[in-house]
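Trainee:
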Amino acid sequence: MYEDLFKLSGEIAVVIGGAGGIGSAIAEGFSEYGAKVVIADMKLEDAKMVAAGIKERTGGESEAMYVDVTDEVSTAKLRDSILSKFGAVDILVNSQGVNAKHPATEFPLKDWEFLYNVNVKGVMITCREFGKPMVERRKGKIINLSSVRGSRATKWSGNIGYSSTKGAVDMLTRQLAAEWAPYNVNVNAIAPSLVATQTGMGGVITSEHVKMYAETIPMGRIATLRDIVGAALFLASPASDYMTGQIIYVDGGLTAVG
Ligand SMILES: NC(=O)c1ccc[n+]([C@@H]2O[C@H](COP(=O)([O-])OP(=O)(O)OC[C@H]3O[C@@H](n4cnc5c(N)ncnc54)[C@H](O)[C@@H]3O)[C@@H](O)[C@H]2O)c1
4 MYEDLFKLSG EIAVVIGGAG GIGSAIAEGF SEYGAKVVIA DMKLEDAKMV
54 AAGIKERTGG ESEAMYVDVT DEVSTAKLRD SILSKFGAVD ILVNSQGVNA
104 KHPATEFPLK DWEFLYNVNV KGVMITCREF GKPMVERRKG KIINLSSVRG
154 SRATKWSGNI GYSSTKGAVD MLTRQLAAEW APYNVNVNAI APSLVATQTG
204 MGGVITSEHV KMYAETIPMG RIATLRDIVG AALFLASPAS DYMTGQIIYV
254 DGGLTAVG
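If you use the numbering used here, the sequence shown closes out at 261, no skipped numbers anywhere.
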């Protein structure tokens, strides 16, 4: 009666930022549950390596494609390539993201614009371009990677840019969820605290950050990729069909106390 709740067999998923730490893990998890996965990233060579690794380990269909989410033409081209190759897109994961830390008194506009271009405009563009065919088909699941920083500040400085972009991602998620609920398109977000990835968000997250963050978390550790993949599988599968507009905190209890 309930055995299909977490099945993704035959679903077509595009994971944007799929060459990155979290995106590649989510894509592999989806593949293990039966989805065909497109690894889309501006780092095409890295995306190809991720796609090949997934294919080798899971035996599932996995393909790499280029996209720059700050460019609406590039994003529309990605969508059209996937539609012509696979016929539809059932699941969109926005796992692209950048970080840059400076004290608020001297945050450079160049980095501010960089963060907003990728983290906010990039999510709006992908949701718009992939949301259109989902609305037309009356079927879709969109999962945005937000952060605990979308709703909780840090005592330490550096986060004014990143945190405010994630606050915007939370509201994009809620607004799109409300607009597209009548069309059977679910839009939710995963908001992790710090996650152990090899990339450390392009080197911005250091071992110092890991130590500092772990001390603020009731469970006393940062998140693993498994922790995030679990939430992504839930939000991509029929188990979450009646959930939309939610920000799921995968944070070891951080937002319960802060
Ligand atoms: N790692 C963490 O601790 C953590 C915690 C909370 C939230 N997040 C969020 O999760 C998401 C993934 O983080 P990650 O740790 O995997 O980061 P990552 O740096 O490993 O991966 C991000 C990927 O996005 C891609 N990307 C950047 N700009 C792009 C663009 N313009 N077009 C297409 N692709 C682009 C990069 O090439 C990279 O492969 C981000 O949104 C991040 O803000 C991460």
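For every residue, glycine included, the Cβ atom is placed at its ideal position computed from N, Cα and C.
Taking one C-beta from the region 65 to 75 and one from the region 36 to 45 each time, how about it: are there three or more such pairs within less than 8 Å?
Mentor: The region 65 to 75 is in contact with the region 36 to 45.
Trainee: If you measure between the beta carbons of R82 and F133, is that distance less than 9 Å?
Mentor: Counted from its first residue, the sequence shown places residue 82 at position 79. Counted from its first residue, the sequence shown places residue 133 at position 130. Against a cut-off of 9 Å, the Cβ pair of F133 and R82 comes out as a contact.
Trainee: From A217 to H105, what distance separates their C-alpha atoms?
Mentor: As a position in the sequence shown, residue 217 is number 214, starting the count at 1. As a position in the sequence shown, residue 105 is number 102, starting the count at 1. Rounded to the nearest whole angstrom, the C-alpha separation of A217 and H105 is 21 Å.
Trainee: What separation, rounded to the nearest whole angstrom, lies between the Cα atoms of D244 and N189?
Mentor: One-based indexing of the sequence shown puts residue 244 at position 241. One-based indexing of the sequence shown puts residue 189 at position 186. Rounded to whole angstroms, D244 to N189 spans 7 Å at the Cα level.
Trainee: Give me the Cβ distance between V92 and M137, rounded to the nearest whole Å; I'm assuming they're in contact under 8 Å.
Mentor: Position 89 of the sequence shown, counted from the first residue, corresponds to residue 92. Position 134 of the sequence shown, counted from the first residue, corresponds to residue 137. Right, the Cβ-Cβ distance comes to about 7 Å (below 8 Å), so this counts as a contact.
Trainee: Let me know the secondary structure DSSP gives G143 once reduced to three states.
Mentor: Taking the sequence shown and counting its residues from 1, the one referred to as residue 143 is at position 140. It is a strand residue.
Trainee: Indicate, with yes or no, if ligand 1 has a heavy atom lying under 8 Å from the CB of L257.
Mentor: Reading the sequence shown from its first residue, position 254 is the one you call residue 257. No, the beta carbon of L257 sits no closer than 8 Å to any heavy atom of ligand 1.
Trainee: Any heavy atom of ligand 1 within a distance shorter than 8 Å of the CB on D114?
Mentor: The residue given as residue 114 occupies position 111 in the sequence shown. Not so, every heavy atom of ligand 1 lies at least 8 Å from the Cβ.
Trainee: Taking the alpha helix (DSSP H) that M52 falls in, what are its first and last residues?
Mentor: Residue 52 sits at position 49 when you count from the first residue of the sequence shown. Start and end: 47 to 61.
Trainee: Could you give the distance in angstroms between the alpha-carbon of M127 and the alpha-carbon of K135?
Mentor: Within the sequence shown, residue 127 is the residue found at index 124, counting from 1. Within the sequence shown, residue 135 is the residue found at index 132, counting from 1. The straight-line gap from Cα to Cα measures roughly 12 Å.
Trainee: Whose C-beta lies closer than 8 Å to the C-beta of P221 among residues of the same chain, with five residues either side of it excluded?
Mentor: Reading the sequence shown from its first residue, position 218 is the one you call residue 221. Excluding residues within five positions, the ones whose Cβ falls inside 8 Å are G255, G256, L257, A259, V260.
Trainee: Can you grab the Cα-Cα spacing for the pair R60 / E31, in whole Å?
Mentor: Position 57 of the sequence shown, counted from the first residue, corresponds to residue 60. Position 28 of the sequence shown, counted from the first residue, corresponds to residue 31. Going from the Cα of R60 to the Cα of E31 covers about 9 Å.
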